[in-house]
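Take any residue in the sequence shown, count from 1 to its spot, add 128: that is its number in our numbering.
Structure first, then comments.
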Amino acid sequence: MIKTKAAIAGLALAVSAVVANAGEVEVLHYWTSGGEAKSVAVLKDLLTEEGHSWKDFAVAGGAGEAAMTVLKSRAVSGNPPAAAQMKGLDIQEWADLGFLADLDGVATKAGWDELLPKVVSDIMKFEGKYVAVPVNVHRVNWLWANPAAFAKAGVKIPTTWDEMIAVGPKLKAAGIIPLAHGGQAWQDATLFEAIALGMGGSEFYNKAFVTHDDATLRSAKMVEIFKTFKATRDLIDADSPGRDWNIATSMVINGTAAMQIMGDWAKGEFTAAGKVPGTDFICAPAPQTEHQYTFNIDSFAMFGLESKDSKVAQDSLARLIMEPKFQEAFNLNKGSIPVRQGMNETPFDSCAKASMASFSSTAKTGDLVPSFAHGMATTSSALGAISDVITNFYNSDQSADEVVVKLANAVKASM
Ligand code: BGC
């Protein structure tokens with residue numbers, strides 16, 4: 129009895145300690161699909177368990193373009209959220225404008241420098257200080273396939289882009305849409321990026337999309353890549369324009385379509401639907417990219433806040449994101465792999481394990497490249513220019529010879 133009383137008193141003390149420092153964090157994100165919503169709920173639960181409150185600020189729209197537009201208008205009116213999902217060079221741009229909070233206190237205490245690959249911590253820092261916290265690593269160059277659809281058509285999952293184009297008629301003859309695709313600029317760019325990496329190789333990819341070498345952008349190789357990209361139009365259906373990526377994934381899940389080229393957030397949809405890799409679906413590298421890895425790191429940038437309590441809650445959020453419990457539970461749902469090094473790999477499925485192995489092997493060979501389509505490789509203005517050129521080409525009868533000139537000129541004008 130005495131023991132129980134003491135325990136209750138202890139608990140009450142602990143609760144009041146938590147509540148005394150409780151604050152609210154408003155979190156802007158674009159994780160609204162089935163798998164994504166399950167993933168973000170993990171973070172919300174961990175934060176609220178610490179007594180803080182989570183104000184959800186979800187802006188739907190794949191790859192976050194809509195969310196970034198909303199963020200800009202909130203920041204301009206002097207009222208940014210406490211945390212916003214953000215990528216690569218955007219972090220540097222926001223920090224340079226003076227909007228972001230210094231997270232070095234949390235980072236030093238938890239030893240983030242030792243827990244993160246340098247390629248990641250460099251992106252999270254501005255002038256040597258952490259201003260954002262990474263959540264995961266997504267591999268973008270994946271092909272998701274429905275094995276039953278392939279069996280029905282009597283064809284193999286393609287490993288080259290020529291094979292990809294060649295299986296189209298056979299899948300169609302079996303009543304299956306070869307490629308599930310959503311006609312949105314960022315999805316066009318995601319498909320194009322995979323073709324460019326596979327056909328051009330990593331060095332070519334970096335020269336074109338990271339350092340923007342003019343001769344590479346106008347090269348004969350780039351012409352070939354655009355031709356193959358246009359040829360994939362024969363693989364997609366007439367309802368593709370405007371389709372959301374997760375609707376495209378659901379077409380592969382239910383066998384209406386045979387494949388999708390998409391980052392491993394697509395796996396979050398298969399998992400949420402109770403599907404098992406290797407049996408119900410196959411994850412294979414996008415054609416010709418088996419030994420390459422296009423990385424895409426989700427992260428939260430923290431904005432400068434006035435309220436002390438909110439600042440406490442914001443620091444808790446940053447700390448929780450890097451803790452093993454969150455890194456495991458979130459990434460199991462999201463389809464990505466933990467960004468924190470040294471995590472136990474056992475709970476992860478075969479696709480995630482393949483991603484982990486490839487992430488470390490490609491880092492050694494120079495084949496770990498930043499995804500330009502997902503904002504990891506270049507400035508937002510260069511990305512906007514590149515992605516406009518790609519999507520206009522895909523949706524018109526422009527020739528590949530014409531488009532490379534447009535690409536090189538648009539990139540030059542954006543810099
Ligand atoms: C993000 C993912 C997200 C996907 C679809 C990507 O750019 O990195 O976290 O699931 O877009 O919105």
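Ideal Cβ positions, reconstructed from N, Cα and C, are used throughout, including at glycine.
Please report the straight-line C-alpha distance between residue i and residue j, rounded to a whole angstrom.
| i | j | result |
| --- | --- | --- |
| MET292 | ALA273 | 12 Å |
| ILE425 | ASP408 | 27 Å |
| PRO452 | GLN526 | 49 Å |
| ALA308 | THR344 | 30 Å |
| LYS166 | ASP529 | 45 Å |
| VAL351 | ALA536 | 12 Å |
| ALA510 | GLY282 | 42 Å |
| TRP544 | ILE375 | Shown here, the chain extends from 129 to 543; a query on residue 544 therefore has no answer. |
| PRO413 | GLY503 | 21 Å |
| GLY233 | SER435 | 17 Å |
| VAL155 | SER438 | 12 Å |
| ASN459 | LEU171 | 11 Å |
| ALA260 | ARG447 | 11 Å |
| ILE518 | GLU321 | 10 Å |
| ALA394 | GLY311 | 16 Å |
| GLY396 | MET214 | 19 Å |
| LEU139 | ALA480 | Note that LEU139 scores a pLDDT of 46, beneath 50, so its modelled location is shaky and nothing firm can be said. |
Which first and last residues belong to the beta strand (DSSP E) in which residue i is found?
| i | result |
| --- | --- |
| ARG447 | Note, ARG447: premise wrong, no beta strand (DSSP E); alpha helix (DSSP H) at 436-450. |
| PRO306 | 305-307 |
| PRO262 | 260-262 |
| ALA386 | 385-389 |
| PRO413 | 410-413 |
Are the Cβ atoms of residue i and residue j separated by less than 8 Å?
| i | j | result |
| --- | --- | --- |
| ILE219 | SER427 | yes |
| ILE465 | ASN264 | yes |
| LEU271 | PRO415 | yes |
| THR197 | ILE305 | no |
| VAL268 | THR318 | yes |
| TYR522 | ARG361 | yes |
| GLY162 | ALA400 | yes |
| SER489 | HIS180 | no |
| THR507 | LEU217 | yes |
| GLY296 | LEU243 | no |
| ALA538 | TRP222 | no |
| TRP442 | ALA211 | Just to set this straight, residue 442 is Gln in the shown sequence, not Trp. Yes, Cβ-Cβ distance for GLN442 and ALA211 is below 8 Å. |
Which residues share a DSSP beta bridge with residue i?
| i | result |
| --- | --- |
| PHE476 | The partner list for PHE476 (beta bridge, DSSP) is empty, contrary to what the question assumes. |
| TRP182 | VAL153 |
| MET379 | Beta-bridge pairing links MET379 to no other residue. |
| ARG267 | PHE423 |
| GLY311 | PRO369 |
| PRO466 | ASN264 |
| GLN213 | PHE428 |
Apply the 10 Å Cβ neighbour rule to residue i and answer buried if 16 or more other Cβ atoms are within range, or exposed otherwise.
| i | result |
| --- | --- |
| MET543 | exposed |
| VAL247 | exposed |
| PRO208 | buried |
| ALA145 | In this prediction, ALA145 scores a pLDDT of 45, lower than 50, which makes its location untrustworthy; no coordinate-derived value is stated. |
| THR422 | buried |
| ALA301 | exposed |
Residue i lies in the alpha helix (DSSP H); which residues open and close that run?
| i | result |
| --- | --- |
| PRO297 | 289-301 |
| GLN220 | 216-224 |
| VAL497 | Unbroken run through VAL497 is the beta strand (DSSP E), 496-498; no alpha helix (DSSP H). |
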